[in-house]
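All remarks here apply to the structure that follows.
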Amino acid sequence: MFNFRTSLGQAEFENPIFTASGCAGSGKELAQFFDLTELGAVVTKSIMLKARSGRATPRMAETPSGMLNSIGLQGPGIDLFLEKDIPWLREQGARIVVSIAGESVEDYAILARKLRAVQGISALEVNISCPNVENRGQVFACQPATARAAIEAVRRNIGGDLPIIAKLTPDVTSIVEIAEEVVAAGADALALINTVLGMVIDINTMRPKLAGKTGGLSGPAIRPIAVRAIYQVHEALPNVKILGMGGVASGRDALELILAGASAVSVGTATFGNPTAVIKIKEELQNELIAHGFDSLREAVGYAHRKEVNL
Amino acid sequence: MMGINKNASQVIAEIVSNKKVGAYHHMVFAVGELAKFAKPGNFVAIAVGGESSSMVLRRAFAIYRAFDRGTNGGLLEIVVAPHGAGSTWLTNQSVGFKVDLIAPLGTAFGIPTEPIRALLVGGGYGSAPLFGLSEVLKNRGCRVDMVLGASTAMKIYAPLDGKRSVSSLTITTEDGTTGITGKVTDVLPGIIETNQIDIIYSCGPMGMLEAINQIAAELGVVHQCAVEEAMACGIGVCMTCVLPIRGEDGEIRMVRSCIDGPVVDGSSVIWGSKRQIPEGTWGAN
Numbered sequence: 001m002f003n004f005r006t007s008l009g010q011a012e013f014e015n016p017i018f019t020a021s022g023c024a025g026s027g028k029e030l031a032q033f034f035d036l037t038e039l040g041a042v043v044t045k046s047i048m049l050k051a052r053s054g055r056a057t058p059r060m061a062e063t064p065s066g067m068l069n070s071i072g073l074q075g076p077g078i079d080l081f082l083e084k085d086i087p088w089l090r091e092q093g094a095r096i097v098v099s100i101a102g103e104s105v106e107d108y109a110i111l112a113r114k115l116r117a118v119q120g121i122s123a124l125e126v127n128i129s130c131p132n133v134e135n136r137g138q139v140f141a142c143q144p145a146t147a148r149a150a151i152e153a154v155r156r157n158i159g160g161d162l163p164i165i166a167k168l169t170p171d172v173t174s175i176v177e178i179a180e181e182v183v184a185a186g187a188d189a190l191a192l193i194n195t196v197l198g199m200v201i202d203i204n205t206m207r208p209k210l211a212g213k214t215g216g217l218s219g220p221a222i223r224p225i226a227v228r229a230i231y232q233v234h235e236a237l238p239n240v241k242i243l244g245m246g247g248v249a250s251g252r253d254a255l256e257l258i259l260a261g262a263s264a265v266s267v268g269t270a271t272f273g274n275p276t277a278v279i280k281i282k283e284e285l286q287n288e289l290i291a292h293g294f295d296s297l298r299e300a301v302g303y304a305h306r307k308e309v310n311l
Numbered sequence: 001m002m003g004i005n006k007n008a009s010q011v012i013a014e015i016v017s018n019k020k021v022g023a024y025h026h027m028v029f030a031v032g033e034l035a036k037f038a039k040p041g042n043f044v045a046i047a048v049g050g051e052s053s054s055m056v057l058r059r060a061f062a063i064y065r066a067f068d069r070g071t072n073g074g075l076l077e078i079v080v081a082p083h084g085a086g087s088t089w090l091t092n093q094s095v096g097f098k099v100d101l102i103a104p105l106g107t108a109f110g111i112p113t114e115p116i117r118a119l120l121v122g123g124g125y126g127s128a129p130l131f132g133l134s135e136v137l138k139n140r141g142c143r144v145d146m147v148l149g150a151s152t153a154m155k156i157y158a159p160l161d162g163k164r165s166v167s168s169l170t171i172t173t174e175d176g177t178t179g180i181t182g183k184v185t186d187v188l189p190g191i192i193e194t195n196q197i198d199i200i201y202s203c204g205p206m207g208m209l210e211a212i213n214q215i216a217a218e219l220g221v222v223h224q225c226a227v228e229e230a231m232a233c234g235i236g237v238c239m240t241c242v243l244p245i246r247g248e249d250g251e252i253r254m255v256r257s258c259i260d261g262p263v264v265d266g267s268s269v270i271w272g273s274k275r276q277i278p279e280g281t282w283g284a285n
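Below you can see the structure in the form of structure tokens.
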């Protein structure tokens with residue numbers, strides 16, 4: 001019997017295929033196509049303290065093997081989210097990873113306090129790839145000190161043993177340095193990678209296509225960046241569990257991230273092209289693992305790092 | 001805010017017909033049972049480019065007509081303008097080819113319970129969903145007038161059998177290659193007054209819908225329009241196709257045109273807000 005179970009920090013999951021933050025709506029939309037309990041976990045959109053309209057349109061540009069998005073974290077704010085989205089997901093029996101995002105260190109602290117007593121949450125993903133309004137809009141995850149401060153604020157306020165997964169951006173000189181910093185600050189696991197900052201210029205208007213000018217690049221175009229980041233971080237921090245993501249569209253792709261060091265894999269952009277992509281990927285991944293001779297998912301995690309053995 | 005269309009499902013659909021009509025392609029897909037749930041205004045989302053395509057997003061098309069043929073399986077028809085790589089790929093596929101298709105998606109045109117006077121206005125291939133709508137309205141005893149406009153004659157989509165369901169058809173082209181030279185909005189006020197129009201249904205580019213909405217507002221006519229926003233997923237998860245709409249509670253929210261639209265009440269849209277969030281929008285910062 002193949003063992004598909006995995007864990008991130010203290011949290012155990014039936015299988016390693018999750019949705020990606022901001023790519024699964026409220027869960028209701030995907031539930032039209034499959035049962036959410038099929039997923040390892042539903043990762044919610046990154047929720048902020050207050051309601052956000054998000055950015056103006058155009059918010060999206062398709063690019064070769066990917067897309068650029070500039071949503072601006074549109075959402076209802078934590079209170080409405082806890083009142084509406086979470087109870088619904090709980091009713092479905094889905095495993096829930098709540099993603100949070102803040103504009104200041106204090107935001108992260110308050111969000112953690114609001115979530116600490118909420119039932120039915122398996123883990124917290126802390127999206128620190130947001131502009132810090134207290135630091136000239138610099139992204140938290142881009143500097144060790146601010147990345148650390150955001151994670152510390154969550155750690156101090158979350159209480160109990162709800163695992164904290166720090167989500168990092170690849171847009172840094174050394175992702176390993178940031179990873180080490182957030183782990184020291186109390187992150188139990190890491191989510192790698194967020195989108196890669198990009199831009200498309202419309203050659204008809206001869207201006208940036210997106211209203212927000214820049215956007216996050218996702219999809220298969222960024223997969224090698226994800227594999228590289230996961231590989232480097234797993235090498236430096238082999239005991240820290242990684243939720244991998246970045247352009248996974250098939251079981252083969254998911255296996256690549258797992259071999260690099262991911263213990264679970266989130267699927268984002270592939271869901272936009274195919275609402276049942278997560279189910280397809282889950283089935284394909286299990287088949288790939290078995291075909292490669294693994295008896296469990298755990299054996300495959302980081303397998304690309306094994307020492308050369310001369311026979 | 002609404003939820004996803006409860007009848008939406010994903011099917012592998014065979015192309016049973018693909019014919020060039022003017023600047024467009026009229027395509028028919030065998031979709032099985034879901035055809036019976038399709039209503040005028042709903043749309044389909046089709047994966048393009050094949051398995052190893054570099055195009056990762058679905059393409060959305062308004063449903064032109066739907067036929068429920070019981071156990072023989074249903075048909076969905078769309079009209080495709082091959083203007084980008086995805087739509088061009090789709091129109092290049094032959095009969096017998098199978099595509100991954102999700103339908104029906106989005107909201108439908110509201111159908112009046114009374115036999116009122118309706119004016120249907122379409123821009124370019126935006127006329128497609130209006131023919132199915134005109135049949136439904138006619139069956140309800142409504143008088144249906146239609147105005148179709150485009151830049152040039154090749155871009156007017158007005159099939160013969162479609163024309164039969166309307167009491168009058170007025171065509172405008174900007175270059176004068178057919179019909180009246182000008183835009184649909186040049187002829188609307190006259191038709192609205194002469195035929196004592198109660199409601200306008202429209203589909204086409206956003207600029208046209210905005211201009212129609214202004215006329216509707218000035219003349220006190222109800223206006224339902226099918227909006228056209230760039231979509232990535234079509235099923236409400238990507239949050240890219242949003243537009244500002246004033247809800248019944250008075251709040252302006254950025255709502256998804258794939259879920260709360262494409263058919264919306266024209267008077268609820270905060271028009272002209274491309275590239276900016278209207279002041280006072282819920283959650284604006």
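So the sequence lines, in the order shown, correspond to chains A and B.
For the first sequence, counting from 1, position 100 maps to 100 in our numbering; every step adds exactly one.
For the second sequence, counting from 1, position 280 maps to 280 in our numbering; every step adds exactly one.
In this text, a Cβ means the ideal position worked out from N, Cα and C, and glycines have one as well.
For H26 of chain B, which three-state DSSP category applies? Annotated three-state conformation of H26 of chain B is strand, per DSSP.
Give the single residue among A:E134, A:S65, A:A31, A:L259 whose Cα lies nearest to the Cα of H292 of chain A. Comparing Cα positions, the closest option is A:L259.
In whole angstroms, what separates the C-alpha of F109 of chain B from that of I102 of chain B? Roughly 19 Å between the two C-alpha positions.
Cβ shell of Y24 of chain B (< 7 Å), same chain only, five flanking positions each side left out: So the list reads V79, V80, A81, Y125, Y157, once near-sequence residues are dropped.
Cross-strand partners of R246 of chain B (DSSP beta bridge): Per DSSP, the beta bridge partners of R246 of chain B are B:I252.
Measure the alpha-carbon distance for D312 of chain A versus A254 of chain A and round it to whole angstroms. Outside the shown range of chain A, which is 1 to 311, sits residue 312 of chain A, and nothing can be said about it.
In chain A, which residues lie less than 8 Å from E193 of chain B when you measure between Cβ atoms? Here the premise fails: no neighbours, minimum Cβ distance about 35 Å.
Could you tell me which chain A residues have their CB closer than 8 Å to the CB of E228 of chain B, listed as they occur along the chain? One finds nothing in chain A with a Cβ atom closer than 8 Å to the Cβ of E228 of chain B; even the nearest lies about 12 Å away.
Let me see if you follow: with CB-CB separation under 8 Å, is G179 of chain B close to chain A or not? The beta carbon of G179 of chain B does not come within 8 Å of any beta carbon belonging to chain A, so the residue lies off that interface.
For the segment 96 to 106 of chain A against the segment 118 to 129 of chain A, do three or more pairs of beta-carbon atoms, one drawn from each stretch, fall closer than 8 Å, so that the two count as touching? Taking 8 Å as the limit for Cβ pairs, the verdict is that the segment 118 to 129 of chain A does touch the segment 96 to 106 of chain A.
Which residues, in chain order, does the segment 271 to 285 of chain B contribute to contact with chain A at a C-beta distance below 8 Å? From the segment 271 to 285 of chain B, only S273, K274, R275, Q276, I277, T281, W282, G283, A284, N285 have a Cβ closer than 8 Å to chain A.
Determine contact between the segment 45 to 64 of chain A and the segment 206 to 222 of chain A, defined as no fewer than three beta-carbon pairs at a distance below 8 Å. The segment 45 to 64 of chain A makes contact with the segment 206 to 222 of chain A; the number of CB pairs closer than 8 Å reaches 3 or more.
8 Å is my cut-off, CB to CB: does Q10 of chain B come that close to chain A? Proximity of Q10 of chain B to chain A, defined by a Cβ-Cβ separation below 8 Å, is satisfied.
Which partner residues of V265 of chain A appear in the DSSP bridge assignment? Looking at the DSSP assignment, V265 of chain A forms a beta bridge with A:I17, A:G244.
Would you say I230 of chain A and A185 of chain A are within 8 Å of each other, going by their C-beta atoms? Not in contact: I230 of chain A and A185 of chain A (Cβ atoms no closer than 8 Å).
Which chain A residues are close to I102 of chain B, counting only those with a beta carbon under 8 Å from its beta carbon? Here the neighbours are P275.
Could you tell me how far apart the beta carbons of I242 of chain A and L297 of chain A are, in whole angstroms, since I believe they sit closer than 8 Å? Their Cβ separation, rounded to whole angstroms, is 13 Å, which puts I242 of chain A and L297 of chain A out of contact at 8 Å.
According to DSSP, is N157 of chain A helix, strand or coil? The answer is helix: DSSP assigns N157 of chain A an H, G or I state.
So, using beta-carbon positions, are C238 of chain B and S202 of chain B closer together than 8 Å? Going by C-beta atoms, C238 of chain B is not nearer than 8 Å to S202 of chain B.
Can you have a look at A232 of chain B and say buried or exposed, based on whether 16 or more other CB atoms are within 10 angstroms of its CB? Buried: at least 16 other Cβ atoms inside 10 Å.
What in chain B is Cβ-close to C23 of chain A, meaning under 9 Å? Taking a Cβ-Cβ cut-off of 9 Å, the neighbours of C23 of chain A in chain B comprise C233, V237, C238, given in sequence order.
List the endpoints of the continuous beta strand (DSSP E) containing E67 of chain A. It is worth fixing the name first, because residue 67 of chain A is Met in this sequence and not Glu. It spans 66 to 69 - the beta strand (DSSP E) in which M67 of chain A sits, taken as one unbroken run.
Can you tell me which of B:V28, B:R246, B:V21 puts its alpha carbon nearest to the alpha carbon of D260 of chain B? Sorting B:V28, B:R246, B:V21 by C-alpha distance to the C-alpha of D260 of chain B places B:R246 at the top.
Reducing DSSP to helix, strand and coil, say where N287 of chain A ends up. In the structure shown, N287 of chain A falls within a helical segment according to DSSP collapsed to helix, strand and coil.
Out of A:R252, A:V248, A:R55, A:A264, which one is the CA nearest neighbour of V240 of chain A? Closest option to V240 of chain A, Cα to Cα, is A:A264.
Hey, could you find the ends of the beta strand (DSSP E) P104 of chain B is sitting in? Counting along the chain, the beta strand (DSSP E) containing P104 of chain B begins and ends at 98 to 105.
Just reading off the beta strand (DSSP E) that V237 of chain B is part of, what are its end residues? It is not in any beta strand (DSSP E) - V237 of chain B carries neither H nor E in the DSSP assignment.
Distance cutoff 8 Å, beta carbons only. Does L30 of chain A sit that close to anything in chain B? Yes, its Cβ sits closer than 8 Å to a Cβ of chain B.
Whole angstroms are fine: how far does the CA of V255 of chain B sit from the CA of S273 of chain B? Roughly 13 Å separates the two Cα atoms.
Need the endpoints of the beta strand (DSSP E) that N213 of chain B sits in, please. Counting along the chain, N213 of chain B falls outside any beta strand (DSSP E), though it belongs to the alpha helix (DSSP H) covering 206 to 219.
Comparing the CB of A229 of chain A with every heavy atom of the ligand GDP, is any distance shorter than 7 Å? For the structure depicted, the ligand GDP is absent and the ligand set is empty, with no information on it obtainable.
I want to verify the contact list: residues of chain A whose CB lies under 7 Å from the CB of G3 of chain B, in sequence order. Scanning chain A for C-beta atoms nearer than 7 Å to the C-beta of G3 of chain B yields K28, reported in chain order.
Taking H234 of chain A as part of the alpha helix (DSSP H), name the residues at either end of that continuous run. Note, H234 of chain A: alpha helix (DSSP H), 223 to 236.
Does F131 of chain B come out as helix, strand or coil in the three-state DSSP assignment? In the three-state reduction of the DSSP assignment, F131 of chain B falls in the helix class.
With DSSP collapsed to three states, give me the class of V187 of chain B. V187 of chain B falls in the helix class under three-state DSSP.
Can you find a C-beta in chain B that's less than 8 Å from the C-beta of R136 of chain A? Residue contact with chain B for R136 of chain A: absent (no Cβ-Cβ distance below 8 Å to any residue of chain B).
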